[in-house]
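Beneath this line is the structure, given in structure tokens, with notes to follow.
Protein chains: 2
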Amino acid sequence: MFSFSEENYLKAIFHLERKYQAGVSTNALAEEMETKASSVTDMIKKLSEKDLVIYKKYQGVKLSELGKKTAIEVIRKHRLWEYFLVEKLNFNWDEVHDVAEQLEHIKSEKLTRELDAFLGFPKRDPHGDPIPDAEGNFSVANKVLLSELGKEEKGICVGVRDSSSDFLRFLDKNNISLGKEIKVLEKEAFDGSMLILIEERQLRISQLISNNLYIKKH
Amino acid sequence: MFSFSEENYLKAIFHLERKYQAGVSTNALAEEMETKASSVTDMIKKLSEKDLVIYKKYQGVKLSELGKKTAIEVIRKHRLWEYFLVEKLNFNWDEVHDVAEQLEHIKSEKLTRELDAFLGFPKRDPHGDPIPDAEGNFSVANKVLLSELGKEEKGICVGVRDSSSDFLRFLDKNNISLGKEIKVLEKEAFDGSMLILIEERQLRISQLISNNLYIKKH
DNA sequence: ACCTATTTTTAGACTTATCTAAATTTATTT
DNA sequence: AAATAAATTTAGATAAGTCTAAAAATAGGT
Ligand SMILES: [Mn+2]
Ligand SMILES: [Mn+2]
Ligand SMILES: [Mn+2]
Ligand SMILES: [Mn+2]
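Here the protein sequences come in this chain order: P and C. For the first sequence, the numbering used here gives the first residue as 1, with consecutive numbering after it. For the second sequence, the numbering used here gives the first residue as 1, with consecutive numbering after it.
Set out below in structure tokens:
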């Protein structure tokens with residue numbers, strides 16, 4: 001089994017690989033992990049020793065098959081627990097992340113399997129992110145950022161890019177939640193803000209907002 | 001907040017204080033923690049620094065009020081999670097301990113509170129041990145070991161002293177579970193074994209068994 | 001009261017994960 | 001192609017938690 005720290009690094013590398021297919025740089029990882037580059041180098045060496053990552057000095061890292069499998073298991077647990085907290089324990093979607101950061105490291109295959117079944121094999125976590133199944137498979141929805149929609153286009157809100165409490169509570173306050181339809185009424189070229197229609201209400205939102213909301217077009 | 005290791009020590013001291021009211025010795029703690037006496041001394045110093053225990057060199061340790069409160073919180077979480085695993089996730093009572101050892105260290109007051117409510121504020125864990133409430137209060141049942149019962153005496157099985165898988169599965173195999181009535185039919189002075197009546201069945205059990213089953217007399 | 005056995009503590013070392021500061025390698029600019 | 005800047009690695013230190021071996025304190029037996 002792997003340490004909490006090792007698992008967190010694997011998770012971070014997994015997420016960063018989207019953006020850096022050529023290999024995740026030490027600095028990018030340091031920023032993501034909120035630590036120093038020298039610490040990252042040390043840890044990368046350990047992960048490499050354990051064949052969790054492919055690493056050549058100065059060339060960045062990639063996950064090995066084992067590393068990827070492990071990262072996905074941790075992400076699966078993280079998202080299952082988030083779903084559990086919201087659906088069963090009355091947590092708001094902005095309160096679950098920190099607790100899930102702890103729960104994702106609990107080691108028990110049976111626990112994960114049974115929790116999944118108890119929850120009815122959910123496909124998405126409270127933020128719209130896919131929950132990998134027991135085999136590690138998950139489907140990435142064909143979603144776009146709301147900011148990418150043009151005037152008169154519409155779709156369903158399916159996820160958030162930023163999961164910070166501040167952003168999620170802003171959405172709550174404005175009655176924006178996953179599953180609702182959003183239509184772009186106007187787009188302001190100058191500042192990127194837009195006027196949207198959601199549940200009969202008109203709402204003006206800044207580009208920072210539309211840049212962090214995922215939409216499934218239709 | 002305290003580390004996993006610190007919390008485990010506090011829990012161990014709490015349990016050992018039953019037996020050693022005068023103070024828990026370094027050796028007793030080392031045995032309970034499955035570690036070396038020198039490691040225990042080191043940790044005790046740290047706990048003492050943090051005012052979690054009262055410690056004078058060579059005199060053993062006692063929990064401070066803060067230490068006791070912390071220990072009880074950990075035990076509360078341990079037992080709530082055990083109850084959750086059995087009642088909601090189809091775990092058998094012999095499978096829950098190791099997972100609960102991990103889950104008991106999750107830090108979130110809201111999680112503990114909501115889990116407690118979700119489970120319906122259970123009073124006893126799967127092994128018959130009391131679950132402290134949010135204020136740390138719990139009632140110790142007036143139970144005795146089955147081995148202390150005399151011939152013709154009877155009572156309800158309310159707990160186990162040994163929570164090992166081997167013992168619990170022995171009980172499963174022989175259909176002995178909490179809540180059932182047991183009557184002592186015969187006691188063998190020579191080896192301490194006894195013949196008991198449980199659900200119309202007669203069963204001969206060794207002293208090792210009767211020494212690990214708690215009974216509420218009536 | 002003294003000697004011995006047991007218990008407990010101390011000293012020094014190791015591992016994991018982190019840091020700062022310095023050295024090295026790679027990338028960019030002139 | 002140098003020179004400079006940026007990224008990365010190395011060296012050396014620190015803290016937590018553990019260990020073995022040795023020293024010190026306590027408890028028991030005569
Ligand atoms: Mn999260
Ligand atoms: Mn999430
Ligand atoms: Mn237990
Ligand atoms: Mn228990």
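For glycine and all other residues, C-beta sits at the position ideal for the given N, C-alpha and C. Since we're looking at a predicted model, the values are computed, not measured.
Compute the distance between the beta-carbons of VAL24 (chain C) and GLU17 (chain C), then report whether it is under 8 Å.
-> Along the second sequence, read from residue 1 onward, the residue named residue 24 (chain C) stands at position 24. Along the second sequence, read from residue 1 onward, the residue named residue 17 (chain C) stands at position 17. Yes. Within cutoff.
Starting from the Cα of LYS110 (chain P), find the closest Cα among C:ASN175, C:VAL99, C:SER139 and give me that residue.
-> As a first step, residue 110 (chain P) must be located in the first sequence, where it is residue number 110. The shortest Cα separation from LYS110 (chain P) among C:ASN175, C:VAL99, C:SER139 belongs to C:VAL99.
Under 8 Å Cβ-Cβ, which residues of chain C neighbour GLU118 (chain P)?
-> Along the first sequence, one-based indexing puts residue 118 (chain P) at 118. Inspection of the sequence shows that residue 118 (chain P) is occupied by Phe rather than by Glu. Ordered by position in chain C, the residues that pass the 8 Å Cβ test against PHE118 (chain P) are LYS88, LEU89.
Local conformation of VAL74 (chain P) per DSSP, three classes | As a working mapping, residue 74 (chain P) is identified with position 74 in the first sequence. Of the three classes helix, strand and coil, the one that applies to VAL74 (chain P) here is helix, per DSSP.
Closest to SER20 (chain P) by CA distance: which of P:SER165, P:THR70, P:VAL61, P:GLU135 is it?
-> Start at 1 with the first residue of the first sequence, and residue 20 (chain P) comes out as number 20. Here residue 20 (chain P) is Tyr; the residue named in the question, Ser, does not match the sequence. Closest option to TYR20 (chain P), Cα to Cα, is P:VAL61.
Would you verify that the beta carbon of LEU115 (chain C) is, or is not, closer than 8 Å to some beta carbon of chain P?
-> Looking up residue 115 (chain C) in the second sequence gives position 115. Contacts with chain P at 8 Å (Cβ-Cβ) include LEU115 (chain C).
Residue range of the beta strand (DSSP E) that MET33 (chain P) falls in?
-> Here the question's residue 33 (chain P) lines up with position 33 in the first sequence. Boundaries around MET33 (chain P) are those of the alpha helix (DSSP H), 26-33, since no beta strand (DSSP E) includes it.
Could you tell me which of P:HIS218, P:GLU114, P:TRP93 sits nearest to PHE91 (chain C), measuring between CA atoms?
-> Residue 91 (chain C) sits at position 91 when you count from the first residue of the second sequence. For PHE91 (chain C), the closest of P:HIS218, P:GLU114, P:TRP93 by C-alpha to C-alpha distance is P:GLU114.
Assigned secondary structure, GLN102 (chain P) (DSSP; H/G/I helix, E/B strand, else coil) | Counting from one through the first sequence, the residue named residue 102 (chain P) turns up at place 102. Residue state, collapsed to three classes: helix.
Looking at the unbroken alpha helix (DSSP H) that takes in MET43 (chain P), where does it start and where does it end?
-> Taking the first residue of the first sequence as position 1, residue 43 (chain P) is located at position 43. Where MET43 (chain P) is concerned, the enclosing alpha helix (DSSP H) starts and stops at 37-49.
Quick one: Cα of SER177 (chain C) to Cα of LYS50 (chain C), how far?
-> By one-based count along the second sequence, residue 177 (chain C) stands at place 177. By one-based count along the second sequence, residue 50 (chain C) stands at place 50. Between SER177 (chain C) and LYS50 (chain C), the C-alpha separation is close to 42 Å.
Rounded to the nearest angstrom, how far is the Cβ of GLU135 (chain P) from that of LYS217 (chain P), given a contact under 8 Å?
-> Mapped onto the first sequence, residue 135 (chain P) falls at position 135. Mapped onto the first sequence, residue 217 (chain P) falls at position 217. The distance from the Cβ of GLU135 (chain P) to that of LYS217 (chain P) is about 29 Å, inconsistent with a contact at the 8 Å cut-off.
Could you give the residue range of the alpha helix (DSSP H) that holds GLU109 (chain C)?
-> On the second sequence, position 109 is the one that residue 109 (chain C) refers to. Boundaries of the alpha helix (DSSP H) harbouring GLU109 (chain C): 109-118, taken from the DSSP string.
What residue from P:VAL96, P:SER206, P:LEU208, P:GLU34 has the CA that sits closest to TYR83 (chain P)'s CA?
-> Translated into positions along the first sequence, residue 83 (chain P) becomes position 83. The shortest C-alpha separation from TYR83 (chain P) is found at P:VAL96.
Does ligand 1 have even one heavy atom less than 7 Å from the beta-carbon of SER210 (chain P)?
-> Position 210 of the first sequence, counting from 1, holds the residue named residue 210 (chain P). No, the Cβ of SER210 (chain P) stays beyond 7 Å of every heavy atom of ligand 1.
Please confirm if LYS56 (chain P) has its CB atom under 8 Å from at least one CB of chain C.
-> The residue you call residue 56 (chain P) lines up with position 56 of the first sequence. False, the Cβ-Cβ gap to chain C never drops below 8 Å.
For ILE44 (chain P) and chain C, any beta-carbon pair shorter than 8 Å?
-> Here residue 44 (chain P) is taken as the residue at index 44 of the first sequence, counted from 1. No, its Cβ sits nowhere closer than 8 Å to a Cβ of chain C.
Which chain C residues are close to VAL99 (chain P), counting only those with a beta carbon under 9 Å from its beta carbon?
-> Within the first sequence, numbered from 1, the residue matching residue 99 (chain P) stands at position 99. Those within 9 Å of VAL99 (chain P) in chain C are ILE106, LYS107, SER108, LYS110, LEU111.
Quick one: Cα of LYS107 (chain C) to Cα of GLN102 (chain P), how far?
-> Taking the second sequence and counting its residues from 1, the one referred to as residue 107 (chain C) is at position 107. Taking the first sequence and counting its residues from 1, the one referred to as residue 102 (chain P) is at position 102. Using only the alpha carbons, I get a separation of about 8 Å.
Cβ-Cβ distance between LEU29 (chain P) and LEU63 (chain P) below 8 Å = Here residue 29 (chain P) refers to the residue found at position 29 when the first sequence is read from its first residue. Here residue 63 (chain P) refers to the residue found at position 63 when the first sequence is read from its first residue. In this structure, LEU29 (chain P) keeps its C-beta atom at 8 Å or more from the C-beta atom of LEU63 (chain P).
With a 10 Å radius around its C-beta and 16 neighbouring C-beta atoms as the bar for buried, classify LEU208 (chain C) as buried or exposed.
-> For this step, residue 208 (chain C) is matched to residue 208 along the second sequence. LEU208 (chain C) is exposed by the Cβ-count criterion.
Cα-Cα separation between TYR55 (chain C) and PHE138 (chain C), rounded to whole angstroms = Translated into positions along the second sequence, residue 55 (chain C) becomes position 55. Translated into positions along the second sequence, residue 138 (chain C) becomes position 138. Straight-line spacing of the CA atoms in TYR55 (chain C) and PHE138 (chain C) works out to 26 Å.
Within 10 angstroms of its Cβ, does VAL53 (chain C) collect 16 or more other Cβ (buried), or is it exposed?
-> Along the second sequence, read from residue 1 onward, the residue named residue 53 (chain C) stands at position 53. The residue in question, VAL53 (chain C), is buried, as its Cβ has 16 or more Cβ neighbours within 10 Å.
Using 8 Å as the limit for Cβ to Cβ distance, is GLN202 (chain C) near chain P?
-> Locating residue 202 (chain C) in the second sequence gives position 202, counting from the first residue. No, GLN202 (chain C) does not count as interfacial toward chain P.
Using a cut-off of 7 Å between C-beta atoms, extract the partners of GLN102 (chain P) located in chain C.
-> For this step, residue 102 (chain P) is matched to residue 102 along the first sequence. Near GLN102 (chain P) (Cβ distances below 7 Å), the residues of chain C are ILE106, LYS107.
Go through the region 148-175 of chain C residue by residue and report every complete run of the alpha helix (DSSP H) that reaches 4 residues or more, in order.
-> 165-173, all fully within the region 148-175 of chain C.
Determine the DSSP secondary structure at VAL144 (chain P), reduced to helix, strand or coil.
-> On the first sequence, residue 144 (chain P) is found 144 positions in, with the first residue counted as 1. DSSP places VAL144 (chain P) in strand when its eight states are reduced to three.
Kindly indicate which three-state DSSP category LYS123 (chain P) falls into: helix, strand or coil?
-> Locating residue 123 (chain P) in the first sequence gives position 123, where the first residue counts as 1. DSSP places LYS123 (chain P) in coil when its eight states are reduced to three.
Residues near PHE2 (chain C) by beta carbon distance below 7 Å, same chain, minus five either side | In the second sequence, the residue the question calls residue 2 (chain C) occupies position 2. THR70.
Take LEU47 (chain P) as the anchor and find which of P:GLY159, P:SER163, P:SER5, P:ASN174 has the nearest alpha-carbon.
-> As a first step, residue 47 (chain P) is located in the first sequence; it is residue number 47 there, counting from the start. It is P:SER5.
Please confirm whether any heavy atom of ligand 1 lies closer than 7 Å to the CB of GLU87 (chain P).
-> What you label residue 87 (chain P) is simply residue 87 of the first sequence in a count that begins at 1. When distances are taken from the beta-carbon of GLU87 (chain P) to the heavy atoms of ligand 1, even the shortest one reaches 7 Å or more.
For GLN202 (chain C), three-class secondary structure by DSSP | The residue given as residue 202 (chain C) occupies position 202 in the second sequence. In the three-state reduction of the DSSP assignment, GLN202 (chain C) falls in the strand class, which pools E and B.
Please report the residue range of the beta strand (DSSP E) in which SER13 (chain P) lies.
-> Numbered from 1 along the first sequence, position 13 holds the residue referred to as residue 13 (chain P). Reading the sequence as shown, one finds Ile at residue 13 (chain P) and not Ser. Here ILE13 (chain P) belongs to no beta strand (DSSP E); instead the alpha helix (DSSP H) covers 4-19.
Where TYR214 (chain P) sits in the DSSP three-state scheme | Position 214 of the first sequence, counted from the start, is the residue given in the question as residue 214 (chain P). TYR214 (chain P) sits in a strand when the DSSP states are folded into three classes.
Nearest to GLY179 (chain P) (by Cα), restricted to the options P:GLU186, P:LEU171, P:LEU185 | Taking the first sequence and counting its residues from 1, one reaches residue 179 (chain P) at position 179. Nearest option by C-alpha distance: P:LEU171.
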